[in-house]
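Heads up: the structure comes next, in structure tokens.
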Amino acid sequence: MAESHRARADGLGFCCGKWIWNVPSALNMQSKLQNSSFYWPIRLVPSERRAALAAVYEWCSSLDDIVDGQGRADGKAATLFAWRQWLAAPDSDPPHERDLARKFAATFDEFGVARADAEKLLDGFTQDLAGDVRAPATADLIRYCQRVAGAPGRMCLTVLGWHAPDAGEFADAAGVAVQLTNILRDIEEDALRDRLYIPREALDAAGIDASDPKSAISHPNFDRAWLAVALLANAHFLLAESLLPKDRRKQIRPALAMLAIYRALHAGLRKRGWRRNAPRFRLAHWKYAAITARALCFGTIR
1 MAESHRARAD
11 GLGFCCGKWI
21 WNVPSALNMQ
31 SKLQNSSFYW
41 PIRLVPSERR
51 AALAAVYEWC
61 SSLDDIVDGQ
71 GRADGKAATL
81 FAWRQWLAAP
91 DSDPPHERDL
101 ARKFAATFDE
111 FGVARADAEK
121 LLDGFTQDLA
131 GDVRAPATAD
141 LIRYCQRVAG
151 APGRMCLTVL
161 GWHAPDAGEF
171 ADAAGVAVQL
181 TNILRDIEED
191 ALRDRLYIPR
201 EALDAAGIDA
211 SDPKSAISHP
221 NFDRAWLAVA
231 LLANAHFLLA
241 ESLLPKDRRK
251 QIRPALAMLA
261 IYRALHAGLR
271 KRGWRRNAPR
281 FRLAHWKYAA
291 ITARALCFGT
301 IR
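Heads up, the sequence shown is in the working numbering, so the first residue is 1 and it goes up one at a time.
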């Protein structure tokens with residue numbers, strides 16, 4: 001699911017510790033990154049790591065575009081497979097976007113990003129193409145979220161310098177929380193693509209047939225299933241917070257800012273609740289800046 005929050009650069013400057021810059025001119029990134037909620041947290045990173053994080057984001061986003069873009073499923077699957085082959089030999093020609101592939105490959109040697117994490121992301125997107133995550137069991141949904149959101153998180157934490165085993169546990173918990181929040185927000189968009197990421201157990205408990213996603217989300221009891229996912233996401237936000245050592249907060253404040261943005265998004269969705277045909281929920285631009293500044297200064301996700 002494409003991450004598409006709009007975060008407009010409006011001349012705001014942040015100043016804290018060694019990170020000092022002016023928002024409009026500091027980075028020259030693709031417009032998609034500038035329009036994502038990753039745009040603000042990435043500004044917290046010292047320049048030597050900033051480009052690597054941008055490369056990770058842009059590579060992951062390019063795969064997302066393949067899966068959700070136009071074209072036949074078999075052609076998309078072939079492209080994902082070609083990227084998998086490229087990961088085994090990054091010096092070879094990539095399927096496309098040679099410059100992006102070069103920048104992403106540099107993160108392997110320069111920062112120790114694990115190719116296995118990139119492969120996990122490919123596993124998750126392959127599941128999407130195969131339709132393997134329609135009304136999955138809760139355990140399977142969590143595993144899927146760890147692949148499509150936890151794996152990119154692991155790569156980002158590696159770039160930020162957190163290599164310990166507990167980094168993976170934190171990334172997985174945070175990734176599940178983030179992706180479940182995406183799911184809560186994007187229910188109707190996903191249904192139009194014939195996707196339904198609500199756990200089978202929650203649908204069964206609400207008496208909802210999952211065979212047709214568009215009909216399922218129109219069921220009068222769908223709010224119960226939606227709430228079950230919201231509670232599961234909240235549990236993983238709390239788990240991620242419990243897994244974060246205090247001595248790592250300063251090091252990974254950009255990741256904490258991203259998580260804080262999603263926690264605020266989750267809180268807003270919970271407050272509104274499930275509403276059919278409601279406008280897409282967004283945080284105000286000033287909230288992105290305020291949340292990012294708080295995470296930068298205090299290393300908190302609340």
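All C-beta atoms in this analysis are idealised placements derived from N, C-alpha and C, irrespective of residue type, glycine included.
Taking ALA137 as the centre and dropping the five residues before and after it, the same chain places the C-beta of PRO199, ARG200, GLU201 closer than 8 Å to its C-beta, in chain order. Counting only the Cα atoms, PHE281 lies some 13 Å from LYS287. If you look at GLY75, you'll find it in the alpha helix (DSSP H) that goes 73 to 88. Taking a cut-off of 8 Å for Cβ pairs, the segment 240 to 260 and the segment 164 to 179 touch, as three or more such pairs fall below it. Here LEU296 really is in contact with ALA257; their C-beta atoms are around 7 Å apart, less than 8 Å. DSSP places LEU231 within a helical segment (H, G or I) once states are collapsed to three. A straight line joining the alpha-carbon of ILE261 with that of VAL178 spans about 9 Å.
Per DSSP, SER92 lies in no alpha helix (DSSP H) segment and is marked neither H nor E. Around the beta-carbon of LYS76, 16 or more other beta-carbon atoms lie within 10 Å, marking it buried.
When DSSP states are grouped into helix, strand and coil, ARG276 belongs to the coil group.
Distance from the CA atom of ALA105 to the CA atom of ASP68, rounded to whole angstroms, is 24 Å.
In the structure shown, the three-state DSSP call for ARG253 is helix. In the structure shown, THR158 falls within a helical segment according to DSSP collapsed to helix, strand and coil. Rounded to whole angstroms, the separation of the alpha carbons of ILE66 and PRO95 is 12 Å. Cβ contact annotation for ASP194 (same chain, cutoff 7 Å, sequence separation greater than five): PRO213, in chain order.
For TYR288, the uninterrupted alpha helix (DSSP H) run begins and ends at 285 to 298, by DSSP. Between ALA149 and VAL176, the gap from beta carbon to beta carbon is short of 8 Å.
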